[in-house]
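Since the structure comes first, as structure tokens, the remarks are kept for the end.
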Amino acid sequence: MSNQLSNRINSVTPSATLEMAAKARELRAAGKDIIGLSLGEPDFNTPDYIKEAAIQAVKDDYNSYTPVDGYVELKNAIITKFKRDNGLSYDPPQIVVSTGAKQSLYNVAQVVLNQGDEVILPCPYWVSYADIVKLADGVPVEVATTIENDFKMTPQQLEAAITPKTKMLWYSSPCNPSGSIYSKEELRALADVLKNHPQIIVVSDEIYEHINYGVTAHASMAEFPDMYDRTVTVNGVAKAFAMTGWRIGYIGAPAYIARACNKLQGQVTSGANCIAQRAVITALTEAPSRIQYMVDEFKMRRKLILQLLNNIDGFTCNEPEGAFYVFPDVSAYFGKTLKGTVINNASDFAMYLLEHANVATVTGDAFGNGNCIRISYAASEKEIREAVSRIEAALKG
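Note that this note's numbering has the sequence shown beginning at 2, numbered continuously upward.
Below is the structure:
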């Protein structure tokens, strides 16, 4: 009965990360011992000081509808965070709080894009970017990057991708799935290209900002005065604060874009969850050093998984500078037959690992790079060691 559905929804691909997680759950329910390295979800609990703020909000009877664009106190906390961590100055009308950073991205696409507008996506990109653009009748324009360049787009590639139809550039830094970070100098070089194309709006997804291993300092496109009024900075608390299920994201944006997102959200979900918002006030007001213990643990896991994967023939890894993923090139296996299974592409490879190693990963095809797979190391050391051991055993011979 798909002919009864809209062309819009029929054009959308299901989220590959959520799809793989669902398959892993099905196999576990059937009795298989599956190690899940597919979801981008910290394996830590939300810090106690944040949970206590939520409990206090319940006791204080926060239970009513919230303002569409967020509590004033939360917007002020976000403004303080942007100033403290990023050197960015925003006013309350420039801030919109949403039900997760994914909704923030969706809102921006819906209020900016018209049919046929092009959005440049450096590959690899987060799995939902392309489909969010398509849902707004936009056209994703993928720009291939290389592992040798740490999966970062060059100014020359950006210039070559721009056409009269280009309306936006979307990227994440630190990047999901590659963990790459654009330095301030690299962003300035991209901005120098964009200054010749004033119609282009930038979406800078900084959800992994605090998961940074100290090689390249975090930088924001909106730091540059000539880009401030053309940049939407997207962030949230899911990753760095281990609050994936709390569903709070936000933007700092030019006031006209923020007003439009507020208008759209008022007709869709209205304001985000009241208790979660009160908890996030505390999360953002407290010093980022309070979550450093999680970053330190991820850094140790990164070192471990890279050591283990680099011992497997056919895996080529760069060293991610942030987030909690590795994005190895596994194209050396394409065209080979493993245990009777022909590996034609990254999707075949990821399914092979699920079926023969009982390890859930995600195909790089979903991120715009068909040579790689994404592996999350937001898992215990024991799980990482066992998962890589299973992968190595499944690939032998």
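Note that CB positions come from ideal geometry on N, CA and C, so glycine has one too.
From which residue to which residue does the alpha helix (DSSP H) around residue i run?
i	result
E143	Premise fails: E143 lies in the beta strand (DSSP E), 140-145, not in any alpha helix (DSSP H).
T338	From DSSP, T338 is part of no alpha helix (DSSP H) but of the beta strand (DSSP E) over 337-339.
T18	17-30
Y50	49-60
T81	73-82
N11	8-11
A162	156-162
What did DSSP end up calling residue i once you bin it into helix, strand or coil?
i	result
E384	helix
T232	strand
C124	strand
M1	With the chain covering only 2 through 398, there is no way to say anything about residue 1.
G267	helix
V327	strand
S290	helix
S105	helix
G272	coil
T317	strand
A241	coil
G246	helix
N311	coil
I182	coil
F368	helix
K153	coil
P226	helix
F350	helix
T283	helix
A379	coil
F45	coil
Can you list, in chain order, the residues of its chain whose CB lies under 6 Å from that of residue i, leaving out five sequence neighbours each side?
i	result
Q158	V144
V69	N263, Q266, G267, S271, G272
A1	Residue 1 lies beyond the stretch modelled for the chain, which goes from 2 to 398, so this question has no answer here.
V97	D70, I252, A259, C262, N263
Y130	L122, W171
Q111	A137, L265
A280	I51, A54, A55
T1	The chain is shown from 2 up to 398; residue 1 falls before or after that span and cannot be answered.
I182	S174, P175, T217, E322, G323
Compute the beta-carbon to beta-carbon distance between residue i and residue j, rounded to the nearest angstrom, for a pair I have assumed lies under 8 Å.
i	j	result
R303	P321	7 Å
G139	L114	4 Å
G237	G246	Not confirmed; about 12 Å, so no contact.
L339	L396	7 Å
Which residues does DSSP pair with residue i in a beta bridge?
i	result
G37	A361
E119	V140, T167
C373	D330
S205	Y172, T234
T342	L339
W217	Looking at the sequence itself, residue 217 is Thr, so the reference to Trp does not match. DSSP, once it has assigned bridges, lists no residue as partnering T217.
Between residue i and the rest of its own chain, which residues show a CB-CB distance below 7 Å, the 5 nearest in sequence each way excluded?
i	result
I148	T317, N319, D330
F350	V331, Y334, I344, I374
N177	G41, W127, Y209, A324, Y326
T364	A17, A347, S348, A351, I374
T14	D132
V360	I36, L38, L354, A388, R391, I392
So, at 8 Å on beta carbons, what are the nonlocal neighbours of residue i in its own chain, with the 5 sequence-adjacent residues on each side left out?
i	result
P156	A190, L191, D193, V194
T199	The sequence as given places Pro at residue 199; Thr does not occur at that position. Once the five neighbours on either side are set aside, the close Cβ partners of P199 are R231.
Could you give the first and the last residue of the continuous beta strand (DSSP E) run that contains residue i?
i	result
D193	Taken as a continuous stretch (DSSP letters only), D193 belongs to no beta strand (DSSP E), being part of the alpha helix (DSSP H) at 185-195.
I96	96-99
I252	250-253
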